[in-house]
Structure formats: structure tokens, C-alpha cells
């Protein structure tokens, strides 16, 4: 039985099919330049819980392009005076 067609988010439908077709190209001598498809991070500080994710988008996944953003989480200081930095 075929799956029912669903709507889309945004002003128009995507220009690509819903299934990815390729992985990003990697070269043996340049493995340090390979970008992970997904990055997850998280921690708990007192009553605060941090969960962060950076994910390759549908279009890039379909076209075999790498993720183009970066995720940084860091803690400065200790105890209740600590500062948590999250940057994308």
C-alpha cells in the first residue's frame, strides 16, 4: 500500500525527493576536513538541562552536500556563577 502524500512546510514544496541520494564526498588525504552529518551535545547544571543539535538539512542530505554550520557548547566558571555558552 503506498504511503499517503503529506503537505510541506514553507511557501512551496521542496525541489527534491524526500529520500537522500548521496553522502558527501571524502578524500583519503583530507579526512580531517570531513564534517559529521549530526552533532549532539548536552549537560545538566543544577536545575538547568542543555540539549543541543546541529543537523544536516534535507536539501544538503539529498544533494550529498556537507553540513554547513557548526555547534559549540562551553562552560565558563563553576557552581552558580558559571556561564554556559551555546553557539551555532
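Numbering (my numbering), first residue to last: 2 to 89.
Yeah, the Cβ is synthetic: ideal placement off N, Cα and C, and Gly gets one too.
Counting pairs of Cβ atoms below 8 Å between the stretch 55-63 and the stretch 6-26, do you hit three or more?
Segments in contact, yes.
Please indicate yes or no: does the CB of residue 41 lie closer than 6 Å to some heavy atom of the ligand ZN?
In the structure on display, the ligand ZN does not appear, and there are no ligands present to speak of.
What does the alpha-carbon distance come out to for the pair residue 27 and residue 37?
For residue 27 and residue 37, the distance between alpha carbons rounds to 11 Å.
If you follow the alpha helix (DSSP H) that residue 55 is in, where does it begin and where does it stop?
That residue, residue 55, is in no alpha helix (DSSP H); its beta strand (DSSP E) goes 49-56.
Pick out whichever of 69, 39, 51 and 20 has its Cα sitting closest to the Cα of residue 76.
Residue 51 is the option with its Cα nearest to residue 76.
Going by the beta-carbon positions, is the gap between residue 70 and residue 55 smaller than 7 Å?
Against a cut-off of 7 Å, the Cβ pair of residue 55 and residue 70 comes out as a contact.
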